[in-house]
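In our numbering, the protein residues as written are 4 to 192.
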């Protein structure tokens, strides 16, 4: 997948300025496909040159004009071609997993740093899960969904399941690290 495809999906859901699109990536799409604001703007310019999107200038009071981008028929066709292409298995690159394996070669006293990092990482994932659950309550209440909402919701449910799986794994990691190096000051369970 390229950033272009993620942008096409987002703009088909709702036309947006580059700034609005970047914020959307920060809030939702970014957990599945990350991009910096600079990358988004660079790809938007490239997509406009390739006739995948078109922009309309909109004036703003007291601010510079902004361009609202929408998908062209050529952009929609490019997305459909990509949608019909097979998905290749993705290689998982996970820095924390390598650090956990590498902890076998660290001084046992030094593994406390890893425990603190796993706890920090876990807290980040708890925050993401809480945000996903709040978004689900807010956006997918009792209203019968249309196709777009149903597909957005199933992706969100995948994110929720993923975060719950990561939290369970991190709990296992912490228990394993603590079993390897029990704290003599901590009472046994």
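Glycine is no exception: its CB is placed at the ideal position from the N, C-alpha and C atoms.
Between the region 102 to 114 and the region 79 to 92, do three or more beta carbon pairs fall short of 8 Å?
no
For residue 157, count neighbouring C-beta atoms within 10 Å of its own C-beta (all shown protein chains included) and say buried if the count is 16 or more, exposed if not.
exposed
Restricting to runs no shorter than 4 residues, where is the alpha helix (DSSP H) found entirely within the region 62 to 135?
76 to 87 and 98 to 105
How many whole angstroms separate the CB atoms of residue 15 and residue 36, which I take to be in contact at a CB cut-off of 8 Å?
Incorrect: roughly 15 Å between the Cβ atoms, too far for contact.
For residue 19, count the other beta carbons within 10 Å of its own beta carbon; 16 or more makes it buried, fewer makes it exposed. Which is it?
buried
Excluding the 5 residues flanking residue 78 on each side, which residues of the same chain have their C-beta closer than 6 Å to its C-beta?
11, 55 and 56
For residue 159 and residue 139, which I take to be in contact (beta-carbon distance under 8 Å), what is that distance rounded to the nearest angstrom?
6 Å
Classify residue 164 as helix, strand or coil using the three-state DSSP reduction.
helix
Please classify residue 58: does DSSP put it in a helix, a strand, or coil?
strand
For residue 43, which three-state DSSP category applies?
helix
Might you give, ordered along the chain, the residues of its own chain that have their beta carbon closer than 7 Å to the beta carbon of residue 184, omitting 5 neighbours on each side?
111 and 114
Helix, strand or coil: which one does DSSP assign to residue 51?
helix
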